[in-house]
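**Student:**
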Amino acid sequence: MRLEALARALGVRLLGDGDLEVTRVRAVDDAGDGELGFAAAPEELRTAHTTKAAALLVPEGWAAEHAHEAPCAVLAAEHPARALAAAIDALYPAPAAPRGVDPRAVVHAGARLGRDVAVGPGAVVGRAVLGDGVIIGPLAYVADGVVIGARSRVGPGALVLEGVQVGADALIGPGAVLGDEGFVFAPLDDDARRANVPVRHVGGVVLEDGVAVGANTCVDRGALRDTHVGAHARIDNLVQLGHDVQVGADAVLVAQVGVAGWSTIGAGAVLAGQAGVKERTRVGERARVGGQAGVVHDVADGAAVAGTPTMPHLAWLKAMVRLQGLDALERRVRALEQRLGAPLERRP
Amino acid sequence: MRLEALARALGVRLLGDGDLEVTRVRAVDDAGDGELGFAAAPEELRTAHTTKAAALLVPEGWAAEHAHEAPCAVLAAEHPARALAAAIDALYPAPAAPRGVDPRAVVHAGARLGRDVAVGPGAVVGRAVLGDGVIIGPLAYVADGVVIGARSRVGPGALVLEGVQVGADALIGPGAVLGDEGFVFAPLDDDARRANVPVRHVGGVVLEDGVAVGANTCVDRGALRDTHVGAHARIDNLVQLGHDVQVGADAVLVAQVGVAGWSTIGAGAVLAGQAGVKERTRVGERARVGGQAGVVHDVADGAAVAGTPTMPHLAWLKAMVRLQGLDALERRVRALEQRLGAPLERRP
Amino acid sequence: MRLEALARALGVRLLGDGDLEVTRVRAVDDAGDGELGFAAAPEELRTAHTTKAAALLVPEGWAAEHAHEAPCAVLAAEHPARALAAAIDALYPAPAAPRGVDPRAVVHAGARLGRDVAVGPGAVVGRAVLGDGVIIGPLAYVADGVVIGARSRVGPGALVLEGVQVGADALIGPGAVLGDEGFVFAPLDDDARRANVPVRHVGGVVLEDGVAVGANTCVDRGALRDTHVGAHARIDNLVQLGHDVQVGADAVLVAQVGVAGWSTIGAGAVLAGQAGVKERTRVGERARVGGQAGVVHDVADGAAVAGTPTMPHLAWLKAMVRLQGLDALERRVRALEQRLGAPLERRP
Numbered sequence: 001m002r003l004e005a006l007a008r009a010l011g012v013r014l015l016g017d018g019d020l021e022v023t024r025v026r027a028v029d030d031a032g033d034g035e036l037g038f039a040a041a042p043e044e045l046r047t048a049h050t051t052k053a054a055a056l057l058v059p060e061g062w063a064a065e066h067a068h069e070a071p072c073a074v075l076a077a078e079h080p081a082r083a084l085a086a087a088i089d090a091l092y093p094a095p096a097a098p099r100g101v102d103p104r105a106v107v108h109a110g111a112r113l114g115r116d117v118a119v120g121p122g123a124v125v126g127r128a129v130l131g132d133g134v135i136i137g138p139l140a141y142v143a144d145g146v147v148i149g150a151r152s153r154v155g156p157g158a159l160v161l162e163g164v165q166v167g168a169d170a171l172i173g174p175g176a177v178l179g180d181e182g183f184v185f186a187p188l189d190d191d192a193r194r195a196n197v198p199v200r201h202v203g204g205v206v207l208e209d210g211v212a213v214g215a216n217t218c219v220d221r222g223a224l225r226d227t228h229v230g231a232h233a234r235i236d237n238l239v240q241l242g243h244d245v246q247v248g249a250d251a252v253l254v255a256q257v258g259v260a261g262w263s264t265i266g267a268g269a270v271l272a273g274q275a276g277v278k279e280r281t282r283v284g285e286r287a288r289v290g291g292q293a294g295v296v297h298d299v300a301d302g303a304a305v306a307g308t309p310t311m312p313h314l315a316w317l318k319a320m321v322r323l324q325g326l327d328a329l330e331r332r333v334r335a336l337e338q339r340l341g342a343p344l345e346r347r348p
Numbered sequence: 001m002r003l004e005a006l007a008r009a010l011g012v013r014l015l016g017d018g019d020l021e022v023t024r025v026r027a028v029d030d031a032g033d034g035e036l037g038f039a040a041a042p043e044e045l046r047t048a049h050t051t052k053a054a055a056l057l058v059p060e061g062w063a064a065e066h067a068h069e070a071p072c073a074v075l076a077a078e079h080p081a082r083a084l085a086a087a088i089d090a091l092y093p094a095p096a097a098p099r100g101v102d103p104r105a106v107v108h109a110g111a112r113l114g115r116d117v118a119v120g121p122g123a124v125v126g127r128a129v130l131g132d133g134v135i136i137g138p139l140a141y142v143a144d145g146v147v148i149g150a151r152s153r154v155g156p157g158a159l160v161l162e163g164v165q166v167g168a169d170a171l172i173g174p175g176a177v178l179g180d181e182g183f184v185f186a187p188l189d190d191d192a193r194r195a196n197v198p199v200r201h202v203g204g205v206v207l208e209d210g211v212a213v214g215a216n217t218c219v220d221r222g223a224l225r226d227t228h229v230g231a232h233a234r235i236d237n238l239v240q241l242g243h244d245v246q247v248g249a250d251a252v253l254v255a256q257v258g259v260a261g262w263s264t265i266g267a268g269a270v271l272a273g274q275a276g277v278k279e280r281t282r283v284g285e286r287a288r289v290g291g292q293a294g295v296v297h298d299v300a301d302g303a304a305v306a307g308t309p310t311m312p313h314l315a316w317l318k319a320m321v322r323l324q325g326l327d328a329l330e331r332r333v334r335a336l337e338q339r340l341g342a343p344l345e346r347r348p
Numbered sequence: 001m002r003l004e005a006l007a008r009a010l011g012v013r014l015l016g017d018g019d020l021e022v023t024r025v026r027a028v029d030d031a032g033d034g035e036l037g038f039a040a041a042p043e044e045l046r047t048a049h050t051t052k053a054a055a056l057l058v059p060e061g062w063a064a065e066h067a068h069e070a071p072c073a074v075l076a077a078e079h080p081a082r083a084l085a086a087a088i089d090a091l092y093p094a095p096a097a098p099r100g101v102d103p104r105a106v107v108h109a110g111a112r113l114g115r116d117v118a119v120g121p122g123a124v125v126g127r128a129v130l131g132d133g134v135i136i137g138p139l140a141y142v143a144d145g146v147v148i149g150a151r152s153r154v155g156p157g158a159l160v161l162e163g164v165q166v167g168a169d170a171l172i173g174p175g176a177v178l179g180d181e182g183f184v185f186a187p188l189d190d191d192a193r194r195a196n197v198p199v200r201h202v203g204g205v206v207l208e209d210g211v212a213v214g215a216n217t218c219v220d221r222g223a224l225r226d227t228h229v230g231a232h233a234r235i236d237n238l239v240q241l242g243h244d245v246q247v248g249a250d251a252v253l254v255a256q257v258g259v260a261g262w263s264t265i266g267a268g269a270v271l272a273g274q275a276g277v278k279e280r281t282r283v284g285e286r287a288r289v290g291g292q293a294g295v296v297h298d299v300a301d302g303a304a305v306a307g308t309p310t311m312p313h314l315a316w317l318k319a320m321v322r323l324q325g326l327d328a329l330e331r332r333v334r335a336l337e338q339r340l341g342a343p344l345e346r347r348p
């Protein structure tokens, strides 16, 4: 595609030769002849001046100051990630969408399928309702009573259990499990033999429009209310969402995060990878929880926390620096004790 | 159901109008007209006096002091969780149990199935032995040599590999993997090309009666002995149990816990979410390991530990408070140095 | 098998009665009559003198000093793990390899299968290329465009998505997901409704020869380049490898490790269980990262680090000891303040 046409398609500013042809997008340090290099993070922009790309797609802010350093044409974008998504759409053919119900799928006679629904080979669909354009991957399972909104995709091998409700434009990753019963047993029982009898869950799972759930992630159904994930929340791979958890719209849960039962994640909150949230705990709206942090007390709206148990992010950073200096601090205290000890002992 | 009849069915004490009808159970802050609100945790009981429920199911201990504060009828239970399970059984119809072997399942001619075994569509069952009433979910895999005891359920998409033995009344979650080979390679090999040749495992996996295994959890087979999980142990989602691990009866492993190879978890021990146990380490009977804790040394029977590496729970709590005060402590030491430094320097 | 013949087959030194028969291998403290006990770790060797095994397989280094303490015959090996693998091969029949394409598998007419390829019941294989001797487990999914090298095995229920490339002699664990799109969205969008539009990934996943991937592990495809795993790297269960990650040859990632997008793990590096690596971070070659460590800054080649954020392993060990003594340190500072405070106050 000619660079000028691409710039127009993306709505970005072109600096350099608009007649150049680019056919692919690559990382800034990978791109070569005929390729558009992408650089937006500081680490990527640091290598922009040595790129072998035919052209670079960069943030407008960087281009304003540094475009002249780039050894190639430059596309300057207000919103680089959006421009990248658009560039990929412009340069690459749309992936072939699967069509129709594969004859090797098992679809219940009572299932209600919208227009243009695709069901892959080996998939099993019960008495479910699938909206227009829904795509069920190969070997996925969609149980009785499930409702899935228009254009949502259920990845290969995903397991969507009884009665789970998914909005439109949602993405359920391969191997994800939605709607298994939570980890609620009857622990106060005085009969040891019955000590682990699970409590039957009467809540469900509701994912609103545009929710993304990653591969092999588990979202348990509610014990007493629905486990609920708000619109456009993004949940990465291998995440655990316990029973009755409420996740607000646009929240982001990075890989391997765990949220225990009854807890609440506020709208727009971001939990970095491997963070954990104790049961019955609330992470506030737009709060930011650091990687591997352990949330055992409520986190206020807009707060940034880190560590286990969590503390304000800046306090944690300081504490971690001090932690490494503890050995030295102990020596200083010992020195003080020795110096102070002497005069005291000499007292009459 | 009339409240009086329900109270009798649950064996709990009724305070208030027994003629009320309730049809569902909900969380205390969710329940409304015609619903039984459940409150047992302190957080739930704090909101009991504002509930809109027709009646509340609460612990006897709370009812004795606070029942008069509840704006509705009260059911007071010695064992609230057990009463909750019973209330759900009383108010909700039993879930329809799947029946028979689905014609779209693949069951080996040499498999031995007890009475009332159900196998879901798309499931694959090898030369296995399935006890009376066993339920194999859709798209689950049960390999050759597997033995599963009466009334156990294997969730959709679960993978039960060669020779795994499961007792009666067990629950294997959707997507769980039982019996994969562990992470044992021949690392001392002097030929780099062979450096990662896996050691073939000659141990198996044995789960005793009533064990629960969560969704997408992995239990590796033993390298040299069976990986063994004692009766009624409860293992949550996304847990990793390494090869040759021994888990005692009634132990509880919350979501995302990892136990490395050759380790032992004592009977009745509780590992909170995301805790990790190093290889060849023993967690004692009834020990309690905090969330995200890292067990690198043996934990004594009955001990409560937290942190990485683990320390006694109370010591850890103190240390975490001190950690946040480290900055202040350093300033205090600096002040002492300055005050003490002066006289020393003035010495003749 | 006679012990003498076994010693010869393993290429190890025999001390004791070569006429003994052994039929199985067990852990040193499990082995009994007719069994070969294995002991290599210090914990195992400590119990060697009480073993009931007919013979012990131990490291040559231990045998040189302690063989006389063993109550049985001894096989002394330069490379015990390799000898163990060989002993298992000698004593146990080779597991029956599955053969041929099961009639209940779904294999695309355009798939290209080498000689002796096996595809299990319920598996779905698209327009893929499978080398000689490849084994696809039951209910596994191999998508269009996938290429798998000779003798590689794809476990039951594993999901190998579009275009993923796997070398020869690789092991893909049950339930593993290769090639799902990474966690890359267009976050700078000013239209909230579009805020979580995923960026279509144009990179793939490439696993070189001999790579092992554990059960339920996820390897995301690259956004702009291939996610790449070098030859003979070993990845355990429930690991998350983000998009565009580069893993060097022979690296070892233990269970539940998470590596965020754009990061690099050097050749031969070892990440212990539950460790996490932040996005765009580099772990050096042969570096060692402790269990649960949080890598937020680059780790130098050959370094050993621990903690969150990581510090040198020895510094971390010291800091952790000091951490437990913080309470005492604070009391010492308070005592100093009291002692020093008095004279100062008494000053005229």
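Chains as they are written, first to last, in the numbering used here: chain A, 1 to 348; chain B, 1 to 348; chain C, 1 to 348. The C-beta atom is built at its ideal place from N, Cα and C for all residues, glycine as well. Being a predicted model, the structure only gives us computed values, none of them experimental.
(1) Below 8 Å between beta carbons is the criterion; list the residues of the segment 230-244 of chain B that meet it against any residue of chain C, in chain order.
(2) Quick one: which chain C residues come within Cβ less than 8 Å of residue 338/B?
(3) By DSSP's criteria, residue 75/A is part of a beta bridge. Which residues make up the other side?
(4) How far does the beta strand (DSSP E) with residue 178/B in it reach, from first residue to last?
(5) With distances taken Cα to Cα, identify the nearest neighbour of residue 273/A among 66/A, 202/A, 308/A, 293/A.
(6) Using a 10 Å radius around the Cβ and a threshold of 16 neighbouring Cβ atoms, would you call residue 93/A buried or exposed?
(7) Compute the distance between the beta-carbons of residue 217/A and residue 239/A, then report whether it is under 8 Å.
(8) In chain B, which residues lie less than 9 Å from residue 256/A when you measure between Cβ atoms?
(9) State the DSSP-derived secondary structure class of residue 240/B, mapped to helix, strand or coil.
(10) By how many angstroms is the C-alpha of residue 120/C removed from the C-alpha of residue 97/C?
(11) With contact counted as at least three CB pairs below 8 Å, one residue from each stretch, are the segment 302-314 of chain C and the segment 274-288 of chain C in contact?
(12) Taking contact to mean 3 or more Cβ pairs, one atom from each stretch, closer than 8 Å, check whether the segment 97-106 of chain A and the segment 71-83 of chain A are in contact.
(13) Using a Cβ cut-off of 8 Å, which residues of the segment 23-50 of chain C contact any Cβ in chain B, in chain order?
(14) Please identify, using Cβ separations under 9 Å, the residues of the segment 131-158 of chain C that lie next to chain B, in order along the chain.
(15) Could you check how far apart the C-beta atoms of residue 132/B and residue 161/B are, in whole angstroms? I think they sit under 8 Å.
(16) For the beta strand (DSSP E) that contains residue 206/A, what are its first and last residues?
(17) Could you please give me the residues that DSSP links to residue 220/A through a beta bridge?
(18) Is there at least one Cβ from chain A nearer than 8 Å to residue 349/B's Cβ?
(19) Is the distance from the Cβ of residue 326/A to the Cβ of residue 322/C below 8 Å?
(20) How about residue 15/B and residue 63/B: are their beta carbons less than 8 Å apart?
(21) Can you tell me the Cα-Cα spacing of residue 122/C and residue 7/A, whole angstroms?
(22) Could you compute how far the alpha carbon of residue 37/A sits from the alpha carbon of residue 57/A?
(23) Nearest-angstrom Cα distance between residue 211/C and residue 114/C?
(24) How is residue 7/B classed by DSSP in three states: helix, strand or coil?
(25) Would you say residue 186/C faces chain A, with C-beta separation under 8 Å as the test?
(26) Around the Cβ of residue 288/C, are there at least 16 other Cβ atoms within 10 angstroms (buried) or fewer (exposed)?
(27) First and last residue of the beta strand (DSSP E) that includes residue 36/B?
(28) Using the beta-carbon of each residue, which ones in chain C are nearer than 7 Å to residue 324/A?
(29) Indicate whether residue 248/A and residue 268/A have their beta-carbon atoms separated by less than 8 Å.
(30) May I ask you to list, following chain order, the residues of the segment 165-184 of chain B that have a beta carbon less than 8 Å from some beta carbon of chain A?
(31) When you compare the CB of residue 333/C with every CB in chain B, is at least one pair closer than 8 Å?
(32) Is the beta carbon of residue 214/A sitting closer than 8 Å to the one on residue 173/A?
(33) Just to make sure I have the definition right: I need the residues of chain B whose C-beta is within less than 8 Å of the C-beta of residue 204/A. Which are they?
**Tutor:** Inspection of the coordinates gives the following:
(1) 238, 240, 242, 244
(2) Locating residue 338/B in the second sequence gives position 338, where the first residue counts as 1. Under the 8 Å cutoff, chain C gives no residues; its nearest Cβ is about 11 Å from residue 338/B.
(3) Here residue 75/A refers to the residue found at position 75 of the first sequence. Partner(s): 14/A, 57/A.
(4) Working through the second sequence from its first residue, we reach residue 178/B at position 178. Taken as a continuous stretch (DSSP letters only), the beta strand (DSSP E) holding residue 178/B covers 177-180.
(5) Taking the first sequence and counting its residues from 1, the one referred to as residue 273/A is at position 273. The option with the nearest alpha carbon to residue 273/A is 293/A.
(6) Here residue 93/A refers to the residue found at position 93 of the first sequence. Flag for residue 93/A reads exposed.
(7) Position 217 of the first sequence holds residue 217/A. Position 239 of the first sequence holds residue 239/A. For residue 217/A and residue 239/A, yes; Cβs fall inside 8 Å.
(8) What you label residue 256/A is simply residue 256 of the first sequence in a count that begins at 1. Within chain B, the residues near residue 256/A are 238, 256, 274.
(9) Along the second sequence, read from residue 1 onward, the residue named residue 240/B stands at position 240. Looking at residue 240/B - three-state DSSP - the assignment turns out to be strand.
(10) Locating residue 97/C in the third sequence gives position 97, where the first residue counts as 1. Locating residue 120/C in the third sequence gives position 120, where the first residue counts as 1. Computed Cα separation, rounded: 11 Å.
(11) yes
(12) no
(13) 24, 25, 26, 27, 30, 38, 41, 43
(14) 137, 138, 139, 155, 156, 157
(15) Along the second sequence, one-based indexing puts residue 132/B at 132. Along the second sequence, one-based indexing puts residue 161/B at 161. No, residue 132/B and residue 161/B are not in contact; Cβ-Cβ is about 23 Å, not under 8 Å.
(16) Taking the first sequence and counting its residues from 1, one reaches residue 206/A at position 206. Element bounds for residue 206/A: 205-207.
(17) Translated into positions along the first sequence, residue 220/A becomes position 220. In the DSSP output, where bridge partners are listed per residue, residue 220/A has 180/A.
(18) Within the shown structure, residues of chain B are numbered from 1 to 348, placing residue 349/B beyond reach of any answer.
(19) If you number the first sequence from 1, residue 326/A lands on position 326. If you number the third sequence from 1, residue 322/C lands on position 322. Contact: yes.
(20) Reading the second sequence from its first residue, position 15 is the one you call residue 15/B. Reading the second sequence from its first residue, position 63 is the one you call residue 63/B. Yes, these two residues count as a Cβ contact at 8 Å.
(21) Taking the first residue of the third sequence as position 1, residue 122/C is located at position 122. Taking the first residue of the first sequence as position 1, residue 7/A is located at position 7. Each residue's Cα considered, the two are about 47 Å apart.
(22) Your numbering for residue 37/A matches position 37 in the first sequence. Your numbering for residue 57/A matches position 57 in the first sequence. Their Cα atoms are separated by approximately 6 Å.
(23) The residue labelled residue 211/C in the question sits at position 211 within the third sequence. The residue labelled residue 114/C in the question sits at position 114 within the third sequence. For residue 211/C and residue 114/C, the distance between alpha carbons rounds to 20 Å.
(24) Your numbering for residue 7/B matches position 7 in the second sequence. Note: residue 7/B maps to helix in three-state DSSP.
(25) Within the third sequence, numbered from 1, the residue matching residue 186/C stands at position 186. So, interface residue.
(26) To locate residue 288/C, count along the third sequence from 1; it is residue 288. Residue 288/C is buried by the Cβ-count criterion.
(27) Taking the first residue of the second sequence as 1, we reach residue 36/B at position 36. Run containing residue 36/B: 35-38, per the beta strand (DSSP E) assignment.
(28) Along the first sequence, one-based indexing puts residue 324/A at 324. In chain order: 311, 315, 319.
(29) As a working mapping, residue 248/A is identified with position 248 in the first sequence. As a working mapping, residue 268/A is identified with position 268 in the first sequence. It is a contact, given that the beta carbons lie within the stated cut-off.
(30) 171, 173, 174, 175
(31) Against the third sequence, residue 333/C aligns to sequence position 333. Interface residue, yes.
(32) Translated into positions along the first sequence, residue 214/A becomes position 214. Translated into positions along the first sequence, residue 173/A becomes position 173. Yes, the Cβ-Cβ distance between residue 214/A and residue 173/A is below 8 Å.
(33) One-based indexing of the first sequence puts residue 204/A at position 204. Under the 8 Å cutoff, chain B gives no residues; its nearest Cβ is about 12 Å from residue 204/A.
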